[in-house]
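Worksheet: the structure to be examined is printed underneath.
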DNA sequence: ATTTTTATTGGAAGGGCTTCCAAGAAGTTA
DNA sequence: TAACTTCTTGGAAGCCCTTCCAATAAAAAT
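Residue numbers (our numbering), protein chains in the order written: chain X, 413 to 771; chain B, 413 to 771.
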């Protein structure tokens, strides 16, 4: 049924080796032979069999991405970078969404099956120790994004510095009663951002009021979710009149949830409470969030680059790439805009009114 | 290096056929042999080679999803359903993000390479005619989601009815000066929703004022984007005092953009302009959008089911599944809330309020 | 005890490609 | 012209499985 190189070889009156060489751009094929073969291949509508190639070549031209399932826009934006880069080098992407921590092992196992993929990009979750131990036996490169393990290549963001910058921005706006809402500190980024927050206050000799720090104990997505943000803010609102005038929130999605909670109480952002968050997902713009931008798209691209490099040089020492997040000033922090450009203005209103049109 | 069934056969002192049978749960293997083989396999940490299996079995246990690249949350929510279902049946998912219409052909070609995938799920875009013609030569099942072609299985939503329901909801609230913002009518859903809108007005003998209809000519994502919605509303605002008091917008993302434009002019939703949109992406909740819900997650799952069925019965007539979208009443339409409890609104209400999509 | 049936097993063939080796053709050099 | 290189080519072997067939062993029936 399907056309194979044998069919082509027969029709073109050449050997299968020659046909193969033509398709692999091997230099030692005369122009005439090449053209003859290509003509026949085209006529028969030949398509190489990817699995047969994979088996013979001992590689798959496929990478796997293991991602905590995309309820979270942060991952999607990274994934975009991954996808674009991957298809630009002619590879395929196998996607593993992990809905529950238990599935991590299963995903890793499936992906690390011999000959399944040529590399794994592992996102945000803590790499299980069991895997780290076994890994040396496999020959598959793996790169971590938004998570860290000293034995592997990783691409992360300077969470500490970023948190510090965010907090200092609030300080620079004159706030002294500053709080923080953090995701579950079982997650490294959450924990480190909290440390950065503390450090910033300390640096400016502002006393840390522990009651101003709400640590989420939500486990789903490690608390990097709107719900978690909403709940945390509800909790913080119990502070009543001593509510902080400014809050650093460990992610944009949480900030969005937190804003909902504030709105419920009739509090306005930034007038009553100034907010700075982290990530700069696309939505941050809608909500006018001042936030620490992570170059997510770029991180995705780099992950692919790095895995390719790692394949070429498996024994090099693990590389750690860290990005410095960038402060993006919008409206939620209440900073004066130097240039009131329209786009930002648009979203300013959303924060206060549109999302809850009526109550 | 890598362990093969030959290694296991040797160690376990059995034949390779027996080893294979053990792993394929073939019934005719004695318990002792099976256990012996499994023990050795475990000891050697055997992993079957997926490509070799694929080659021998003539199938891949992999599906491809071809998706307009996910700037649009609508797709992501469908993709979640797809992913969950796919991994629940032990298959893998190859993801093709299409950033530009030109890439559609390339993606289809790659996916339809012999032996690459066992099925294709194709989203939202118009299937190229060239492919439709060639398709019969391939033996790969394909199912369309959110797009239609009479020769293929498809899963869509009743856009006409949905648009009509949405519009009638506005009519039922007493509006008579009703407008519509639609995405690019090159997209079928956009066009059909417009037709439904017209039909609803006609049915209630409200004259259609063409100036109240803004058709986006944005090509990116066929105008199903925030920017497109923003621009369209800017356009509509030129109507000045004769601005419609209610607007049906062909998607949630556009509605979000449109609301921004309204806010800019100091207009409030729903007080000044009532809005109903379409999709019910997760964000709709946040913006309090009254919208027509599409069961996206479910559509994703069904797509997988259907492709499995189609594999079993390739010659059956194409099946067309259509969901009736459901009106979800929130705030943007100005309808009275039954329970003004804002907490419910933020988190739980929508979930309980809306029945599961019917089959 | 003998024949028939059924359960288990080994391993060749085959799936479609790449790659290596050997051989023949063509081109160089002296 | 002879001896040596360099190109080009065909096809066997190998990648790792599944599956089928034939063979053997065990169980059942006579």
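Positions of the beta carbon are idealized from the N, C-alpha and C atoms, including for glycine.
Practice task
Report buried or exposed for residue 731 of chain X, applying the criterion of at least 16 other Cβ atoms within 10 angstroms of its Cβ.
Solution key: Taking the first residue of the first chain as position 1, residue 731 of chain X is located at position 319. Exposed: under 16 other Cβ atoms inside 10 Å.
Handout entry: Cutoff 7 Å; reference residue 432 of chain B; Cβ partners in own chain excluding five residues on either side
Key = In the second chain, counting from the first residue as 1, residue 432 of chain B sits at position 20. Contacts found: 417.
Problem - Distance CB(residue 461 of chain X)-CB(residue 623 of chain B) smaller than 7 Å - result: Counting from 1 along the first chain, the entry for residue 461 of chain X is found at position 49. Counting from 1 along the second chain, the entry for residue 623 of chain B is found at position 211. No, they are not a contact pair.
Exercise for the section: Under 7 Å Cβ to Cβ from residue 741 of chain X, same chain only, skipping five residues before and after it: list those, please. Expected result: The residue labelled residue 741 of chain X in the question sits at position 329 within the first chain. These residues qualify, in order along the chain: 702, 747.
Handout entry: Nonlocal neighbours in the same chain, by C-beta distance under 7 Å from residue 365 of chain X, ignoring five residues either side
Key = Nothing can be reported for residue 365 of chain X, as the shown portion of chain X is limited to 413 through 771.
Handout entry: Cutoff 7 Å; reference residue 491 of chain X; Cβ partners in own chain excluding five residues on either side
Key = On the first chain, position 79 is the one that residue 491 of chain X refers to. Answer for residue 491 of chain X: 477, 479, 712, listed in chain order.
Problem - DSSP state of residue 421 of chain X mapped onto helix, strand, coil - result: The residue you call residue 421 of chain X lines up with position 9 of the first chain. Of the three classes helix, strand and coil, the one that applies to residue 421 of chain X here is helix, per DSSP.
Problem - Stretch-stretch touch, CB-based, cutoff 8 Å, three pairs: the segment 689–703 of chain X with the segment 657–666 of chain X - result: yes
Exercise for the section: Output, in chain order, the set of chain X residues within a Cβ distance shorter than 8 Å of residue 596 of chain B. Expected result: Numbered from its first residue, the second chain carries residue 596 of chain B at position 184. Going along chain X, no residue has its Cβ under 8 Å from residue 596 of chain B, so there is no contact; the nearest lies around 21 Å.
Practice task
Measure the C-alpha to C-alpha separation of residue 555 of chain X and residue 597 of chain X and round it to an integer number of angstroms.
Solution key: Here residue 555 of chain X is taken as the residue at index 143 of the first chain, counted from 1. Here residue 597 of chain X is taken as the residue at index 185 of the first chain, counted from 1. C-alpha separation (whole angstroms): 23 Å.
Practice task
For residue 617 of chain B, count neighbouring Cβ atoms within 10 angstroms of its own Cβ and tell me buried if that reaches 16, exposed if not.
Solution key: Along the second chain, one-based indexing puts residue 617 of chain B at 205. Burial call: exposed.
Exercise for the section: Could you tell me whether the Cβ of residue 466 of chain B comes closer than 7 Å to any Cβ of chain X? Expected result: Stepping through the second chain from its first residue, residue 466 of chain B is reached at position 54. Yes, residue 466 of chain B counts as interfacial toward chain X.
Exercise for the section: Could you tell me which of B/450, B/511, B/448, B/550 sits nearest to residue 723 of chain B, measuring between CA atoms? Expected result: For this step, residue 723 of chain B is matched to residue 311 along the second chain. Among B/450, B/511, B/448, B/550, the Cα nearest to that of residue 723 of chain B is on B/550.
Practice task
Would you grab the beta carbon distance between residue 424 of chain X and residue 441 of chain X for me? Rounded to a whole angstrom, and I think it's under 8 Å.
Solution key: Here the question's residue 424 of chain X lines up with position 12 in the first chain. Here the question's residue 441 of chain X lines up with position 29 in the first chain. Actually they are not in contact, since the Cβ atoms of residue 424 of chain X and residue 441 of chain X sit about 12 Å apart, beyond 8 Å.
Problem - Status (buried if at least 16 other CB within 10 Å, exposed otherwise) for residue 438 of chain B - result: Walking along the second chain from the start, residue 438 of chain B turns up at place 26. Its Cβ having fewer than 16 others within 10 Å, residue 438 of chain B is exposed.
Exercise for the section: Please confirm whether residue 580 of chain B and residue 734 of chain B have their CB atoms less than 7 Å apart. Expected result: Taking the second chain and counting its residues from 1, the one referred to as residue 580 of chain B is at position 168. Taking the second chain and counting its residues from 1, the one referred to as residue 734 of chain B is at position 322. No, the Cβ-Cβ distance between residue 580 of chain B and residue 734 of chain B is not below 7 Å.
Practice task
Please say whether residue 574 of chain B and residue 737 of chain B have beta carbons closer to each other than 7 Å?
Solution key: Start at 1 with the first residue of the second chain, and residue 737 of chain B comes out as number 325. Start at 1 with the first residue of the second chain, and residue 574 of chain B comes out as number 162. Yes, the Cβ-Cβ distance between residue 737 of chain B and residue 574 of chain B is below 7 Å.
Handout entry: chain X residues whose Cβ lies nearer than 7 Å to that of residue 414 of chain B
Key = Here residue 414 of chain B is taken as the residue at index 2 of the second chain, counted from 1. Here the neighbours are 526.
Exercise for the section: Check each residue of the segment 603–637 of chain B: if its Cβ is closer than 8 Å to any Cβ of chain X, include it; give the result in chain order. Expected result: none
Practice task
Report the rounded CA-to-CA distance for residue 508 of chain B versus residue 504 of chain X, giving the unit in angstroms.
Solution key: Position 96 of the second chain holds residue 508 of chain B. Position 92 of the first chain holds residue 504 of chain X. When rounded, the distance between both Cα atoms is 8 Å.
Practice task
Scan the segment 554–635 of chain X and note each continuous alpha helix (DSSP H) run of 4 residues or more that stays entirely inside, going in chain order.
Solution key: 571–584, 600–615
Handout entry: Same chain, Cβ closer than 7 Å to residue 705 of chain B, neighbours up to 5 away in sequence not counted
Key = Stepping through the second chain from its first residue, residue 705 of chain B is reached at position 293. 692, 737, 738, 740, 766, listed in sequence order.
Practice task
Answer yes or no: do residue 578 of chain X and residue 486 of chain X have a C-beta to C-beta separation smaller than 7 Å?
Solution key: To locate residue 578 of chain X, count along the first chain from 1; it is residue 166. To locate residue 486 of chain X, count along the first chain from 1; it is residue 74. It is not a contact, given that the beta carbons lie outside the stated cut-off.
Handout entry: Short Cβ contact (7 Å threshold) for residue 536 of chain X with residue 568 of chain X
Key = Looking up residue 536 of chain X in the first chain gives position 124. Looking up residue 568 of chain X in the first chain gives position 156. Not a contact, by the Cβ cut-off of 7 Å.
Handout entry: Residues that residue 688 of chain B bridges to, as DSSP identifies them
Key = Looking up residue 688 of chain B in the second chain gives position 276. Partner(s): B/660, B/702.
Problem - Residues bridged to residue 734 of chain X [DSSP beta-bridge criterion] - result: Counting from 1 along the first chain, the entry for residue 734 of chain X is found at position 322. Paired residues: X/568.
Exercise for the section: Following the continuous alpha helix (DSSP H) through residue 507 of chain X, name the residue where it begins and the one where it ends. Expected result: Within the first chain, numbered from 1, the residue matching residue 507 of chain X stands at position 95. Element bounds for residue 507 of chain X: not the alpha helix (DSSP H) but the beta strand (DSSP E), 504–510.
Handout entry: Selected residue, minimal CA-CA separation from residue 725 of chain B, among B/420, B/553, B/473, B/463
Key = As a first step, residue 725 of chain B is located in the second chain; it is residue number 313 there, counting from the start. Checked all of B/420, B/553, B/473, B/463; the closest Cα to residue 725 of chain B is B/553.
Problem - Limits of the unbroken beta strand (DSSP E) element including residue 535 of chain X - result: In the first chain, counting from the first residue as 1, residue 535 of chain X sits at position 123. Element bounds for residue 535 of chain X: 531–535.
Problem - Exposed unless 16 or more other CB atoms sit within 10 angstroms - verdict on residue 420 of chain X - result: On the first chain, residue 420 of chain X is found 8 positions in, with the first residue counted as 1. Classification of residue 420 of chain X: buried, given that the 10 Å Cβ count is 16 or more.
Handout entry: Where residue 656 of chain B falls, given that 16 or more other Cβ within 10 Å makes a residue buried
Key = Numbered from its first residue, the second chain carries residue 656 of chain B at position 244. Buried, because 16 or more other Cβ atoms sit within 10 Å of the Cβ of residue 656 of chain B.
Problem - Distance between beta carbons of residue 510 of chain B and residue 481 of chain B, contact taken as under 8 Å - result: Your numbering for residue 481 of chain B matches position 69 in the second chain. Your numbering for residue 510 of chain B matches position 98 in the second chain. Indeed, because the Cβ distance is near 6 Å, the residues count as touching under 8 Å.
Exercise for the section: Name the residue from B/572, B/500, B/612 whose alpha carbon lies nearest to the alpha carbon of residue 515 of chain X. Expected result: The residue given as residue 515 of chain X occupies position 103 in the first chain. It is B/500.
Problem - Helix, strand or coil at residue 729 of chain B according to DSSP, with G and I counted as helix - result: Reading the second chain from its first residue, position 317 is the one you call residue 729 of chain B. Coil.
Problem - Min CB distance residue 418 of chain X to chain B below 7 Å - result: In the first chain, residue 418 of chain X corresponds to position 6, counting from 1. False, the Cβ-Cβ gap to chain B never drops below 7 Å.
Problem - Nonlocal neighbours in the same chain, by C-beta distance under 7 Å from residue 411 of chain X, ignoring five residues either side - result: Because chain X in this structure spans residues 413 to 771, residue 411 of chain X falls outside the shown range and cannot be described.
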